[in-house]
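**Q** Protein chains in written order, with the numbering used here: chain A, 79 to 283; chain B, 79 to 283.
Number of protein chains: 2
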Amino acid sequence: MARAGLTPQRLTQAGAELADEVGFEQVTVSALARHFDVKVASLYSHVKNSHDLKTRIALLALEEMADRAAEALAGRSGKDALAAFADVYRDYARQHPGRYAAAQLRLSPETAAASAGVRHSQMTRAILRGYDLPESEQTHAVRLLGGTFHGYVSLELSGGFSHSAPDSSVTWARIVDALDALLRNWPDEPAHEGRGEPERADRKA
Amino acid sequence: MARAGLTPQRLTQAGAELADEVGFEQVTVSALARHFDVKVASLYSHVKNSHDLKTRIALLALEEMADRAAEALAGRSGKDALAAFADVYRDYARQHPGRYAAAQLRLSPETAAASAGVRHSQMTRAILRGYDLPESEQTHAVRLLGGTFHGYVSLELSGGFSHSAPDSSVTWARIVDALDALLRNWPDEPAHEGRGEPERADRKA
DNA sequence: TAATTTGCCTAAAACCCTTAGGCAAATACA
DNA sequence: TGTATTTGCCTAAGGGTTTTAGGCAAATTA
């Protein structure tokens, strides 16, 4: 019986393509076996289990995203870098919704630490060097950018702004403008008296 | 044989609680049947199918979120309103991660239009009345806020900032500060010549 | 060529989803 | 109150996904 030539890499690649076609949720060991015209149990020689397969796809996606981001960032700085980084992120998500969903998979701390995700966040930090933020605010800004990019793209992908008034690409450009303006005008840490309830202490670490 | 007293409401409620305990992904018709000590098929008299059940949980979550937001907003405006809205959003997600995940379920356009989600976005718009944004920028700002809140909370929940340097709550407060500053200082639409060209003037205002 | 390793297969158990049809409890009605 | 109807949960059964165990043949190595 001719062999199918399965390898973890081919399974991961095919899984990523399948994810983009039918959604990451639908990527299943069975579906992949069908794709290679092979019995389901055969995949378990190449991949530990379903979760392992999904993790590999997630790592692939993170790798690709970091690669694209690095390329986009080369030779740019300031708003130019910010915009290129943002666009490449959004474009990837739109071109590869399944892989993008995979990249959102919750990884174990060790796996996450060894993934290209850290490269991606280092790049975010590098972009901030084009702005004049105090050291203590850097992490806040990194998290803001990460959250905003992810959140917007995620809402866009799930159809949030699909057929409503301003085109989503226009909003995206404005958001980049706004974030650039914000980073150039980062607010000082307000005097510490909490917010909302005037009489509350609210100090925390 | 004594009846279990199942209703769509009780199933939805129990499903929401189960989601918060074990994760929305693990909310299954079978698990719910076990919880009520009833055969699986019995649930199908009260709920169309698994997707219907999940949709109901999502709608419940959206309702609860909108209710909390409305309460938080009462009598506030400006940054006070923004911060209250943001905090209530994040707190809900942290207290009810399963429900929050449910609220992210992709709904059909009709279902979404009839959900409490529209109430929630109307409130976001209401908050913007405390700031001085041109009409044409309102939607962009609504999308920015929605994306940022969702994205940050989502990353936080999936463990992104768990054990790293500044406490996530501190970052959250700073993000609210930053968004407030941004809304008070919303950038003008830049002169239209695309972006990315290094020799561009970048004049604003 | 013989020995070993590797790759895919069959078999089988454990879950989950869903539909169809039945009996008994609850409710409505006369 | 007794009867008819509706409603609620059950059994049965088909189909899909995950995972483990054990086997045979193709590929690799000696």
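In this text, a Cβ means the ideal position worked out from N, Cα and C, and glycines have one as well.
1) Under 9 Å, Cβ to Cβ, is there at least one residue of chain A near residue 178 of chain B?
2) Establish whether the CB of residue 169 of chain B and some CB of chain A are separated by less than 9 Å.
3) Pull up the distance between the alpha-carbon of residue 124 of chain A and that of residue 94 of chain A, whole angstroms please.
4) DSSP on residue 210 of chain B, reduced to helix/strand/coil?
5) Looking at the secondary structure, which residues open and close the alpha helix (DSSP H) in which residue 179 of chain B lies?
6) Residues of chain B with CB closer than 8 Å to the CB of residue 253 of chain A, please, in chain order.
7) For residue 100 of chain B and residue 145 of chain B, what's the separation of their Cα atoms in angstroms?
8) Could you round the C-beta distance between residue 135 of chain A and residue 105 of chain A to whole angstroms and report it? I think they count as a contact, below 8 Å.
9) According to the neighbour-count rule (16 or more other Cβ atoms, all chains shown, within 10 Å of its Cβ), is residue 240 of chain A buried or exposed?
10) The ligand ADP and residue 182 of chain A: does the residue's C-beta get closer than 8 Å to at least one heavy atom of that ligand?
11) So, do the segment 160-178 of chain A and the segment 215-222 of chain A have three or more beta carbon pairs nearer to each other than 8 Å?
12) Which of helix, strand or coil does DSSP assign to residue 246 of chain A?
13) For residue 151 of chain B, which option in B/234, B/163, B/142 and B/141 has the closest C-alpha, if you only look at C-alpha atoms?
14) Any beta-carbon of chain B closer than 9 Å to the one on residue 151 of chain A?
15) Could you tell me the alpha carbon to alpha carbon distance between residue 244 of chain A and residue 217 of chain B, rounded to whole angstroms?
16) Excluding the 5 residues flanking residue 229 of chain A on each side, which residues of the same chain have their C-beta closer than 8 Å to its C-beta?
17) What would DSSP say about residue 132 of chain A, mapped onto helix, strand or coil?
18) On the criterion of 16 or more Cβ atoms from any shown chain inside 10 Å, does residue 272 of chain B qualify as buried, or is it exposed?
**A** Reading off the structure:
1) no
2) no
3) 16 Å
4) coil
5) 175-181
6) 218, 221, 222 and 225
7) 24 Å
8) 7 Å
9) exposed
10) Ligands are entirely absent from the displayed structure, and the ligand ADP is therefore not among its contents.
11) no
12) helix
13) B/163
14) no
15) 7 Å
16) none
17) helix
18) Low confidence applies here, because residue 272 of chain B scores a pLDDT of 49, under 50, leaving its location unreliable; read the following figure in that light. Exposed, because fewer than 16 other Cβ atoms sit within 10 Å of the Cβ of residue 272 of chain B.
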